[in-house]
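When you read off a place in the sequence shown, starting at 1, and then add 3, the result is the number in the working numbering.
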Amino acid sequence: MTAASSPGKAGASALWPVYVAIFGAGVMMGTSIPIVPLALEARGVDRLTNGLSGAMWSVGLLVFGAYIPRWAERLGAVKLIWIALGVSAAIQLVQGLTLDLPVWALLILWTALRFVQGATVGIPWLVTEIWINLVVEERKRAQALALYSTLIAGGLAAGPLVLQLVGVTGMAPFVACAVLTLAVGLPMLFARDAPRIEPEAGGRLKDTVWLAPVAMLAALTAGTGETVVFMFLPVYGVEIGIDAKTATLWQTAFVAGNLVLQLPIGWLADRLPRLGVLLSCVLASATAAAILPFLGASPWTMWPLLVIWGGVAFGIYTVGLTMLGQRFAAGDMARANAAFVMTYTFGSLIGPPVSGAAMDVFGGRGLGWSLAAAYCLCALAMVVMHRRRG
4 MTAASSPGKA
14 GASALWPVYV
24 AIFGAGVMMG
34 TSIPIVPLAL
44 EARGVDRLTN
54 GLSGAMWSVG
64 LLVFGAYIPR
74 WAERLGAVKL
84 IWIALGVSAA
94 IQLVQGLTLD
104 LPVWALLILW
114 TALRFVQGAT
124 VGIPWLVTEI
134 WINLVVEERK
144 RAQALALYST
154 LIAGGLAAGP
164 LVLQLVGVTG
174 MAPFVACAVL
184 TLAVGLPMLF
194 ARDAPRIEPE
204 AGGRLKDTVW
214 LAPVAMLAAL
224 TAGTGETVVF
234 MFLPVYGVEI
244 GIDAKTATLW
254 QTAFVAGNLV
264 LQLPIGWLAD
274 RLPRLGVLLS
284 CVLASATAAA
294 ILPFLGASPW
304 TMWPLLVIWG
314 GVAFGIYTVG
324 LTMLGQRFAA
334 GDMARANAAF
344 VMTYTFGSLI
354 GPPVSGAAMD
364 VFGGRGLGWS
374 LAAAYCLCAL
384 AMVVMHRRRG
């Protein structure tokens with residue numbers, strides 16, 4: 004398992020459909036992520052419950068994630084992605100059609116749907132990452148993954164702009180999300196050289212986690228921070244006096260930092276010690292989260308902070324994924340990538356309830372404070388695990 008993965012037979016030319024599709028996926032996610040918590044907030048659901056409901060997609064991915072590489076082996080990467088996108092679009096339409104249900108019924112139905120959505124979101128995410136790690140050369144790994152992350156960020160930044168056109172209330176945003184979800188699959192029609200995903204038999208995900216603990220901690224950190232920001236940043240904005248549509252644009256500022264900083268971070272990670280680059284991203288994210296409550300709502304202070312924070316926060320995932328690809332051989336990559344995504348998902352599972360509870364207790368300040376504490380704890384754990392591993 005110690006060998007780095009070598010370029011796959013398909014070659015890097017197989018990546019362009021992935022890059023186009025992942026940009027579309029970013030647009031879809033940037034549109035869909037804020038509308039459900041905002042809809043529940045408008046119905047009077049408290050933030051802890053909102054966070055617990057939002058965490059259910061993470062539970063779904065944790066339950067199904069270990070099976071995704073095998074499904075990809077049996078069905079093929081492209082076919083599996085199309086199935087997942089179709090189910091996800093159907094879920095979004097059902098959510099839009101059930102907005103007027105009583106709150107208790109809405110919570111039960113949407114929580115169940117978000118559980119299923121964990122698998123439908125996880126499939127294109129995990130499969131495309133395995134795809135890239137299988138075909139890219141080691142010397143260009145960080146830059147290839149940085150481009151991948153940059154395109155996701157570009158889509159995420161564009162997503163809230165869609166909400167400016169269709170609004171954040173009613174069925175319209177859910178229909179828009181369903182259409183965008185299906186559009187993500189169109190580039191896959193041109194994917195003629197998709198690599199075969201052939202996970203090695205045997206081995207446990209738990210063992211894989213311990214073989215690359217720092218990379219897995221990066222996934223945990225990124226999952227916690229990114230999910231909390233995307234779920235509660237608009238809610239925080241509304242609390243301090245920003246209207247909901249403007250608050251969703253704060254997410255655009257957060258992911259815009261990725262567009263500016265991700266490729267430079269990837270360039271650095273291919274030339275400097277990757278642990279140092281990773282820790283720099285984590286500690287910079289902690290600093291940004293800590294000062295968030297003191298900036299108020301002025302765009303002159305909030306937007307620069309969110310741009311910088313978003314750039315370094317997304318860098319945590321990119322550098323961690325690069326370290327993972329460096330660590331595992333091609334036959335082990337599918338299982339390792341599944342473990343990485345599931346660890347990220349575990350972070351996204353524990354983050355929203357904790358930050359939601361912190362906001363219920365401390366108000367909006369709880370968002371920044373809880374995230375700053377989480378980033379610092381993860382940075383400390385990375386240093387400890389690196390020293391123990393020698």
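Ideal Cβ positions, reconstructed from N, Cα and C, are used throughout, including at glycine.
Query                                                                                                                            : Result
Span separating the alpha-carbon of GLN95 from that of ILE86                                                                     : 15 Å
Burial state of ILE200 (16 or more Cβ within 10 Å)                                                                               : buried
VAL241 - DSSP class collapsed to helix/strand/coil                                                                               : helix
6 Å CB neighbourhood of SER351 in its chain, flanking five on each side removed                                                  : SER61, GLY226 and THR230
Alpha carbon of GLN254 to alpha carbon of PHE193, nearest angstrom                                                               : 31 Å
Stretch pair the segment 332 to 346 + the segment 211 to 219: three plus CB contacts closer than 8 Å                             : yes
Alpha-carbon spacing of GLU132 relative to THR172, whole angstroms                                                               : 33 Å
For ALA259, the nearest candidate out of GLY244, PRO237 and VAL315 (CA to CA)                                                    : VAL315
Contacts around GLY65, its chain only, beta-carbon distance under 8 Å, and the 5 residues preceding and following it disregarded : Per the sequence shown, the amino acid found at residue 65 is Leu instead of Gly. So the list reads GLY121, MET345, THR348, PHE349 and LEU352, once near-sequence residues are dropped.
Same chain, Cβ closer than 7 Å to SER91, five either side skipped, listed in chain order                                         : GLN120, THR123, VAL124 and THR184
Per-residue DSSP class, three states only, for PRO276                                                                            : coil
Pick from GLY57, ALA186 and PRO127 that is closest to LEU112, judged by C-alpha positions                                        : GLY57
Residue range of the alpha helix (DSSP H) that includes ARG330                                                                   : 302 to 330
Residues of its chain near PRO10, where Cβ-Cβ distance is below 7 Å and the 5 sequence neighbours each way are ignored           : Bear in mind that a pLDDT of 42 at PRO10, under 50, signals an unreliable position, so the model cannot answer this.
Option in ARG77, LEU104, LEU148 and LEU223 with minimal Cα separation from THR325                                                : LEU148
Coarse secondary structure for ALA58, derived from DSSP in three states                                                          : coil
Option in PHE365, ASP273, PRO72 and ILE268 with minimal Cα separation from VAL285                                                : ILE268
Neighbour-count burial assignment, SER301, 16 or more Cβ in a 10 Å radius                                                        : exposed
Cβ distance (whole Å) where ILE38 is taken to contact LEU83 below 8 Å                                                            : Going by Cβ atoms, the distance from ILE38 to LEU83 rounds to 26 Å, so no, they are not a contact pair.
Contacting residues, own chain, Cβ-Cβ under 7 Å from CYS381 (five flanking each side not counted)                                : LEU220, LEU223, THR224 and VAL285
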